[in-house]
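Visitor: Starting off with a structure, shown below.
In our numbering, the protein residues as written are 287 to 389.
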């Protein structure tokens, strides 16, 4: 099942804006929120073209939506764990220091 970025964020337990920020940090999205060329048509992400009717111009307007594959959700979970790991390690290390000083 393919998901857009907002749906993938829900699966990963993140807010959509947080996931988009992390994707920018990883280089998956550019600053405009578009999929970076390196990740287009790969196993994890793709761009789905959509359209909507624009009555002002009396024609269709086309736009792309970044989609995440099932493999992409797993890849993101692993990548986000790698990014989070130092902060968890540091926090546990500080907790250990705090508990050792109380003895």
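Cβ coordinates follow ideal geometry from the N, Cα and C atoms, glycine included.
Since we're looking at a predicted model, the values are computed, not measured.
Among 312, 320 and 359, which has the Cα closest to the Cα of residue 288?
Guide: Considering only alpha carbons, the answer is 359.
Visitor: With residue 327 as the anchor, note down where its alpha helix (DSSP H) starts and where it stops.
Guide: No alpha helix (DSSP H) holds residue 327; DSSP gives it neither H nor E.
Visitor: So, with DSSP's three-state summary, where would you put residue 363?
Guide: Note: residue 363 maps to helix in three-state DSSP.
Visitor: Opposite residue 334 in the DSSP bridges: which residues?
Guide: Residue 334 pairs with 351.
Visitor: If you draw a straight line from the alpha carbon of residue 356 to that of residue 318, how long is it in whole angstroms?
Guide: Cα to Cα, the separation comes out at about 24 Å.
Visitor: State the Cα-Cα distance for the pair residue 335 and residue 320, rounded to the nearest angstrom.
Guide: Cα to Cα, residue 335 sits roughly 12 Å from residue 320.
Visitor: When you compare only the Cα positions, how much space is there between residue 326 and residue 349?
Guide: The straight-line gap from Cα to Cα measures roughly 15 Å.
Visitor: So, with DSSP's three-state summary, where would you put residue 305?
Guide: The answer is helix: DSSP assigns residue 305 an H, G or I state.
Visitor: Starting from residue 297, trace the alpha helix (DSSP H) in both directions and tell me its first and last residue.
Guide: 291-298 is the extent of the alpha helix (DSSP H) around residue 297.
Visitor: Return the residue from the list 303, 328, 344 and 307 that minimises the CA-CA distance to residue 353.
Guide: Of the listed residues, the one whose Cα sits closest to residue 353 is 328.
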